[in-house]
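Student: This is the structure I want to talk about, given as structure tokens.
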Amino acid sequence: MSHAALRKSLLAWYRANRRDLPWRRTRDPYGIWISEAMLQQTRVETVLDYWPKFLQRFPNIAGLAAAREEDVLAAWSGLGYYRRARSLREAARAIVEKHGGEFPRERESVLDLPGIGPYTAGAVLSIAFDQREPLIDGNVARVFSRLFAIDDCLGTPKSERRLWDLARELLPRSQSPGDWNQALMEFGALVCTPRAPRCEECVLATHCAARIAGRVTELPRPKARPAVLDVELEVLIVRRGGSWLIEQRPEDAARMAGLWELPTREIGPATGLFRARWQPAGLFTPGREVGRVRHSITRHRIDVSVREATLAKRARLPAHFAWLRPRAESQLALTGMARKVLAFAN
DNA sequence: AAGCCGGGGTG
DNA sequence: CACCCAGGCTT
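Residue numbers for the first sequence follow numbering that gives the first Met the number 0, beginning at 0 and rising by one.
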């Protein structure tokens with residue numbers, strides 16, 4: 000299929016099938032940037048809940064730059080990959096410092112911002128500024144690897160180079176590059192899906208190398224995944240009035256730094272994800288188990304034993320403890336696991 | 001190049 | 001269950 004015919008078919012499909020997503024209703028680079036940061040490794044359905052609230056809370060670059068980090072984390076709470084939130088704020092501050100508060104239009108300047116890599120740079124520049132910049136995300140990688148029967152494992156330098164070369168080559172000259180990039184991603188999300196792709200309704204099927212070779216289900220070749228680790232935790236429900244005792248993770252923690260969680264310790268083999276014993280010792284008297292909760296954090300599969308507990312008499316709580324008042328959850332940067340356990344215990 | 005970061009939906 | 005999602009950063 001000629002590039003021209005390919006573009007025509009896919010753009011026609013996109014015009015007829017594109018979802019009406021809220022961030023597709025704006026041309027504001029700030030809103031588009033926020034959506035792209037949220038969408039990193041995160042499903043559209045999840046972002047639908049967070050994007051409007053985040054924009055209401057931090058309406059523009061200056062507002063985000065002036066915000067306290069804990070407030071940005073609170074708005075991000077539950078989305079995961081919390082470095083994205085910190086980077087967003089840092090990048091907003093850099094834009095105020097170096098670019099007069101206006102989102103930069105030069106690719107190199109955009110790539111200099113923390114949290115923005117090749118994908119996000121291409122997305123914001125093409126969608127917000129109509130620049131002829133390509134992008135590769137998980138969807139586009141899958142579409143291309145099938146369309147052109149690329150055998151190399153995803154993630155290798157060879158396949159990366161090939162994918163970006165293709166993306167650059169296919170980018171239309173006379174049509175909106177933002178629409179084209181979004182058409183590719185939308186097609187991957189709705190038709191050329193990871194499993195059970197809808198080849199019967201695929202407008203590119205007759206020209207799909209994988210389809211012609213009968214290899215759709217074996218492409219793309221996935222990259223090897225790290226082994227899963229099992230973690231066993233004990234989490235305490237300590238009530239005072241209607242409040243719950245919560246504990247802040249250290250600022251220098253490798254993961255979820257500074258976020259709030261319920262008092263937690265690892266029961267099984269230590270992974271370093273959570274502390275090994277209650278701190279300080281003797282503070283809690285654990286009571287009965289009220290239930291178990293399953294959770295996962297990246298490659299860790301977590302089995303949580305939720306226990307009621309009481310504080311020792313005349314306990315002196317260290318400063319990293321606090322009481323979470325009812326209905327104050329939304330204003331605090333709780334971990335997703337803490338939200339899950341609280342919802343369960345309620 | 002490989003490992004790491006959250007959390008959840010889906011087949 | 002396994003897989004992977006509008007990735008980026010660090011080593």
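Glycine included, every Cβ here is placed at the ideal spot set by N, Cα and C.
Measuring alpha carbon to alpha carbon, tell me which residue in R287, L54 and V215 is nearest R194.
Tutor: One-based indexing of the first sequence puts residue 194 at position 195. Cα-wise, what sits closest to R194 is V215.
Student: Per DSSP, which one or two residues make a beta bridge with R131?
Tutor: Along the first sequence, read from residue 1 onward, the residue named residue 131 stands at position 132. None, per the DSSP bridge assignment.
Student: What residue does the alpha helix (DSSP H) around Q181 start on, and which one ends it?
Tutor: Walking along the first sequence from the start, residue 181 turns up at place 182. P176 to L189 is the span of the alpha helix (DSSP H), which, as asked, contains Q181.
Student: For the ligand ADP, any of its heavy atoms closer than 7 Å to the Cβ of G137?
Tutor: Ligands displayed in this structure: none; no statement on the ligand ADP is therefore possible.
Student: Is it right to say Q181 is buried, meaning 16 or more other beta carbons lie within 10 angstroms of its own, or is it exposed?
Tutor: Sequence index remark: in the first sequence, residue 181 carries index 182 (1-based). Classification of Q181: buried, given that the 10 Å Cβ count is 16 or more.
Student: Counting only runs of 3+ residues fully inside the region 189-273, write out the beta strand (DSSP E) ranges in chain order.
Tutor: Listed in chain order, the complete beta strand (DSSP E) runs (minimum 3 residues) inside the region 189-273 are 228-236, 242-247 and 263-265.
Student: Taking the beta carbon of R26 as the centre, do at least 16 other beta carbons fall within 10 Å, making it buried, or is it exposed?
Tutor: Against the first sequence, residue 26 aligns to sequence position 27. R26 is exposed by the Cβ-count criterion.
Student: Less than 8 Å between the C-beta atoms of P103 and V109, yes or no?
Tutor: To locate residue 103, count along the first sequence from 1; it is residue 104. To locate residue 109, count along the first sequence from 1; it is residue 110. Against a cut-off of 8 Å, the Cβ pair of V109 and P103 comes out as a contact.
Student: For T155, which residues does DSSP report across the bridge?
Tutor: Residue numbering aside, residue 155 sits at position 156 when the first sequence is read from its first letter. Per DSSP, none; premise fails for T155.
Student: How would you write the range of the beta strand (DSSP E) that F57 sits in, first residue to last?
Tutor: Here residue 57 corresponds to residue number 58 of the first sequence, with the count starting at 1. First-last for F57: undefined, no H or E at that position.
Student: Measure the beta-carbon distance from G121 to P133 and round it to whole angstroms, keeping in mind my assumption that it falls under 8 Å.
Tutor: If you number the first sequence from 1, residue 121 lands on position 122. If you number the first sequence from 1, residue 133 lands on position 134. The Cβ separation is near 6 Å, so the contact holds.
Student: May I ask you to report which of helix, strand or coil DSSP gives A73?
Tutor: Within the first sequence, the letter at position 74 stands for residue 73. In this structure, A73 counts as helix in the three-state DSSP scheme.
Student: Which residue comes first and which comes last in the alpha helix (DSSP H) that contains I94?
Tutor: Mapped onto the first sequence, residue 94 falls at position 95. Here the alpha helix (DSSP H) through I94 covers R82 to H98.
Student: What span of residues does the beta strand (DSSP E) with D302 cover, start to end?
Tutor: Locating residue 302 in the first sequence gives position 303, counting from the first residue. Segment H299 to L310, the beta strand (DSSP E) holding D302.
Student: In the structure shown, what three-state DSSP assignment does R287 receive?
Tutor: In the first sequence, counting from the first residue as 1, residue 287 sits at position 288. Three-state DSSP puts R287 in a strand.
Student: What is the C-beta distance between A36 and L87, in whole angstroms, given that I count them as a contact (C-beta under 8 Å)?
Tutor: By one-based count along the first sequence, residue 36 stands at place 37. By one-based count along the first sequence, residue 87 stands at place 88. At roughly 6 Å, the Cβ-Cβ gap stays under 8 Å, so A36 and L87 are in contact.
Student: Using the C-alpha atoms, what's the distance from A344 back to G240?
Tutor: Your numbering for residue 240 matches position 241 in the first sequence. Your numbering for residue 344 matches position 345 in the first sequence. Looking at the two C-alpha atoms, the distance is approximately 15 Å.
Student: Pop quiz: A65 and Q330 are said to be a contact at Cβ under 8 Å. What is the actual Cβ separation, rounded to whole angstroms?
Tutor: As a first step, residue 65 is located in the first sequence; it is residue number 66 there, counting from the start. As a first step, residue 330 is located in the first sequence; it is residue number 331 there, counting from the start. No, A65 and Q330 are not in contact; Cβ-Cβ is about 18 Å, not under 8 Å.
Student: With H327 as the anchor, note down where its beta strand (DSSP E) starts and where it stops.
Tutor: As a working note, residue 327 is residue 328 in the first sequence. The amino acid occupying residue 327 in the given sequence is Ala; His does not appear at that position. First-last for A327: undefined, no H or E at that position.
Student: With contact counted as at least three CB pairs below 8 Å, one residue from each stretch, are the region 47-58 and the region 148-158 in contact?
Tutor: Short answer: they don't touch.
Student: CA-CA distance, E265 and P196?
Tutor: The sequence position of residue 265 within the first sequence is 266, counting from 1. The sequence position of residue 196 within the first sequence is 197, counting from 1. Near 41 Å, if we compare the C-alpha coordinates of P196 and E265.
Student: Report, in whole angstroms, the separation of the C-beta atoms of A166 and V202, which I expect to be a contact under 8 Å.
Tutor: Taking the first residue of the first sequence as 1, we reach residue 166 at position 167. Taking the first residue of the first sequence as 1, we reach residue 202 at position 203. About 19 Å; that fails the 8 Å criterion.
Student: By the three-class DSSP mapping on this structure, what secondary structure does W277 have?
Tutor: For the purposes of this step, residue 277 is taken as the residue at position 278 of the first sequence. Correct three-state label for W277: coil.
Student: Given a cut-off of 8 Å on the beta-carbon distance, is the pair R300 and V234 in contact?
Tutor: Translated into the one-based positions of the first sequence, residue 300 becomes position 301. Translated into the one-based positions of the first sequence, residue 234 becomes position 235. Going by C-beta atoms, R300 is not nearer than 8 Å to V234.
Student: Could you compute how far the alpha carbon of C198 sits from the alpha carbon of R14?
Tutor: Along the first sequence, read from residue 1 onward, the residue named residue 198 stands at position 199. Along the first sequence, read from residue 1 onward, the residue named residue 14 stands at position 15. Going from the Cα of C198 to the Cα of R14 covers about 19 Å.
Student: Per DSSP, A321 is paired with what?
Tutor: Position 322 of the first sequence, counted from the first residue, corresponds to residue 321. BP columns for A321 point to I245.
Student: By the DSSP assignment, the alpha helix (DSSP H) with G116 in it spans what residues?
Tutor: Against the first sequence, residue 116 aligns to sequence position 117. Taken as a continuous stretch (DSSP letters only), G116 belongs to no alpha helix (DSSP H), as it is neither H nor E.
Student: Leaving out five residues on either side along the sequence, give the residues of the same chain with a beta carbon under 7 Å from the beta carbon of A346.
Tutor: Limits of the chain in this structure are 0 at one end and 345 at the other, which puts residue 346 out of reach.
Student: Considering only residues of the same chain and omitting the five flanking positions on each side of A355, which have a CB-CB separation below 8 Å?
Tutor: Given a span of 0 to 345 for the chain in the structure shown, any question on residue 355 remains unanswerable.
Student: Judging by CA-CA distance, which residue of D302, P268, V237 and A253 is the nearest neighbour of W322?
Tutor: On the first sequence, position 323 is the one that residue 322 refers to. For W322, the nearest C-alpha among the options comes from V237.
Student: Rounded to whole angstroms, what's the CA-CA distance from G154 to E328? Just pull it up for me.
Tutor: The residue given as residue 154 occupies position 155 in the first sequence. The residue given as residue 328 occupies position 329 in the first sequence. Cα to Cα, G154 sits roughly 38 Å from E328.
Student: From the DSSP output, in three-state form, read off S295 for me.
Tutor: Here residue 295 refers to the residue found at position 296 of the first sequence. In this structure, S295 counts as strand in the three-state DSSP scheme.
Student: E185: buried (16+ other C-beta within 10 angstroms of its C-beta) or exposed?
Tutor: As a position in the first sequence, residue 185 is number 186, starting the count at 1. The residue is buried, with at least 16 neighbouring Cβ atoms inside 10 Å.
Student: Could you compute how far the alpha carbon of M336 sits from the alpha carbon of G187?
Tutor: Mapped onto the first sequence, residue 336 falls at position 337. Mapped onto the first sequence, residue 187 falls at position 188. Their Cα atoms are separated by approximately 30 Å.
Student: Whole angstroms are fine: how far does the CA of P21 sit from the CA of Q278?
Tutor: Counted from its first residue, the first sequence places residue 278 at position 279. Counted from its first residue, the first sequence places residue 21 at position 22. Cα-Cα distance, rounded: 45 Å.
Student: I think R248 touches L258, with their Cβ atoms under 8 Å apart; what is that distance to the nearest whole Å?
Tutor: Locating residue 248 in the first sequence gives position 249, counting from the first residue. Locating residue 258 in the first sequence gives position 259, counting from the first residue. Confirmed, Cβ separation roughly 5 Å.
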